[in-house]
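One structure is given here, and the rest of the page talks about it.
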Amino acid sequence: GIQVEQSPPDLILQEGANSTLRCNFSDSVNNLQWFHQNPWGQLINLFYIPSGTKQNGRLSATTVATERYSLLYISSSQTTDSGVYFCAVERSGGAGSYQLTFGKGTKLSVIP
Amino acid sequence: DAGVTQSPTHLIKTRGQHVTLRCSPISGHKSVSWYQQVLGQGPQFIFQYYEKEERGRGNFPDRFSARQFPNYSSELNVNALLLGDSALYLCASSFRVPYNEQFFGPGTRLTVL
């Protein structure tokens, strides 16, 4: 099956700093999503980005599908940005299924 | 509009018991997928349903089963619970498959003692 690798696994930032999270995937995909998982386990949709660049406030994402990677940029980080960030890719699993395959996540801690 | 809802939020069972988890998708969404997330890992795909038909199954034993109802809500059933089934169970909905954004519910946290 497809492999999804995220880096770094852990990241500690001072409030106000910028960061870049990376997601590499081993094969072509239909689409790619970035999520933020809060401490209660809720997965919050950040971006649906099969290719190109999108921005939403202090967050932006870029996917280069031909090179099989995606980047999530967080600028001027705040303590509320803390949590685990997941990249997930959609690919056919055969027999008409299109499941998401997740990476192991990047755990971000923003300290005041 | 309401997002994806799941019930119950927490559940404690003992080994060998059976459990049923429920999910209601976003209104208008016709696909529901189930994922299992153990501590420290990303969610793992269990099942996908679209228009009430099973579209795919992940690498889980036959103790796991699911179905989708005419109103597009879904149930996940797990028989003969093992300690290793303790996890956060997440439900996701999308309007259709493929090439559609998936939205997740808050999850059901299952503890097996």
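Residue numbers (my numbering), protein chains in the order written: chain A, -15 to 96; chain B, 30 to 142. All C-beta atoms in this analysis are idealised placements derived from N, C-alpha and C, irrespective of residue type, glycine included. Predicted model only: the values in this text are computed from it and were never measured.
Inset, instruction - Would you kindly work out how many angstroms separate the C-alpha atoms of Thr43/B and Leu139/B, rounded to a whole number? - result: The sequence position of residue 43/B within the second sequence is 14, counting from 1. The sequence position of residue 139/B within the second sequence is 110, counting from 1. Going from the Cα of Thr43/B to the Cα of Leu139/B covers about 10 Å.
Legend entry - Glu130/B versus Ser122/B - alpha carbon distance: Translated into positions along the second sequence, residue 130/B becomes position 101. Translated into positions along the second sequence, residue 122/B becomes position 93. One C-alpha to the other measures close to 8 Å.
Legend entry - Cross-strand partners of Val126/B (DSSP beta bridge): Along the second sequence, read from residue 1 onward, the residue named residue 126/B stands at position 97. Its beta-bridge partners do not exist; DSSP assigns none.
Inset, instruction - Check whether the segment 98 to 107 of chain B touches the segment 56 to 76 of chain B, taking contact to mean three or more Cβ pairs, one atom from each stretch, closer than 8 Å. - result: yes
Legend entry - Three or more C-beta pairs below 8 Å linking the segment 47 to 65 of chain A and the segment 0 to 13 of chain A: yes
Inset, instruction - Tell whether a beta-carbon distance below 9 Å holds between Pro(-7)/A and Gly89/A. - result: Indexing the first sequence from 1 puts residue -7/A at position 9. Indexing the first sequence from 1 puts residue 89/A at position 105. Cβ atoms of Pro(-7)/A and Gly89/A: closer than 9 Å.
Inset, instruction - Please compile the residues from chain A whose C-beta is within a distance smaller than 7 Å of the C-beta of Ser115/B. - result: Locating residue 115/B in the second sequence gives position 86, where the first residue counts as 1. Within chain A, no residue comes near Ser115/B; the closest Cβ sits about 14 Å away, beyond 7 Å.
Inset, instruction - Tell me where the beta strand (DSSP E) around Ile33/A begins and ends. - result: What you label residue 33/A is simply residue 49 of the first sequence in a count that begins at 1. Here Ile33/A belongs to no beta strand (DSSP E), and DSSP marks it neither H nor E.
Inset, instruction - Evaluate contact between the segment 36 to 44 of chain A and the segment 68 to 78 of chain A, counting only Cβ atoms and requiring at least three cross-stretch pairs below 8 Å. - result: no
Inset, instruction - At 7 Å on the CB atoms, spell out the chain A contacts of Tyr128/B, in chain order. - result: In the second sequence, residue 128/B corresponds to position 99, counting from 1. Within chain A, the residues near Tyr128/B are Asn14 and Asn15.
Inset, instruction - Compare the beta carbon distance of Ser60/B and Phe133/B with 9 Å and say whether it is the shorter of the two. - result: Reading the second sequence from its first residue, position 31 is the one you call residue 60/B. Reading the second sequence from its first residue, position 104 is the one you call residue 133/B. Taking 9 Å as the Cβ cut-off, Ser60/B and Phe133/B do not qualify as a contacting pair.
Inset, instruction - Can you have a look at Thr37/A and say buried or exposed, based on whether 16 or more other CB atoms are within 10 angstroms of its CB? - result: Along the first sequence, read from residue 1 onward, the residue named residue 37/A stands at position 53. Under this definition Thr37/A is an exposed residue.
Inset, instruction - Could you tell me if Thr38/B is buried or exposed, where buried requires 16 or more neighbouring beta carbons within 10 angstroms of its beta carbon? - result: Residue numbering aside, residue 38/B sits at position 9 when the second sequence is read from its first letter. Exposed is the call here.
Inset, instruction - Might you give, ordered along the chain, the residues of its own chain that have their beta carbon closer than 6 Å to the beta carbon of Leu16/A, omitting 5 neighbours on each side? - result: Position 32 of the first sequence holds residue 16/A. Within the same chain, Leu16/A has close Cβ partners Ile33, Pro34, Thr47, Ser54 and Val73.
Inset, instruction - Kindly give me the distance between the Cβ atoms of Val(-12)/A and Phe19/A, rounded to whole angstroms, as I take these residues to be in contact under 8 Å. - result: To locate residue -12/A, count along the first sequence from 1; it is residue 4. To locate residue 19/A, count along the first sequence from 1; it is residue 35. Contact doesn't hold; Cβ gap of about 12 Å is too wide.
Legend entry - Cα-Cα separation, Ile55/B to Val126/B: Counting from 1 along the second sequence, the entry for residue 55/B is found at position 26. Counting from 1 along the second sequence, the entry for residue 126/B is found at position 97. Answer to the nearest angstrom: the Cα atoms are 15 Å apart.
Inset, instruction - Please list, in chain order, all residues of the same chain as Leu84/A whose beta carbon is under 6 Å from its beta carbon, the five residues on each side excluded. - result: Looking up residue 84/A in the first sequence gives position 100. These residues qualify, in order along the chain: Ala72 and Glu74.
Inset, instruction - Report yes if the C-beta distance between Leu117/B and Val67/B is below 9 Å; otherwise report no. - result: Here residue 117/B refers to the residue found at position 88 of the second sequence. Here residue 67/B refers to the residue found at position 38 of the second sequence. Result yes, Cβ atoms of Leu117/B and Val67/B sit closer than 9 Å.
Inset, instruction - Leaving out five residues on either side along the sequence, give the residues of the same chain with a beta carbon under 8 Å from the beta carbon of Gly87/B. - result: Within the second sequence, residue 87/B is the residue found at index 58, counting from 1. Once the five neighbours on either side are set aside, the close Cβ partners of Gly87/B are Gln73, Phe74, Ile75 and Phe76.
Legend entry - Beta carbon proximity, Pro34/A to chain B, threshold 9 Å: In the first sequence, counting from the first residue as 1, residue 34/A sits at position 50. Yes, because at least one Cβ of chain B sits closer than 9 Å to the Cβ of Pro34/A.
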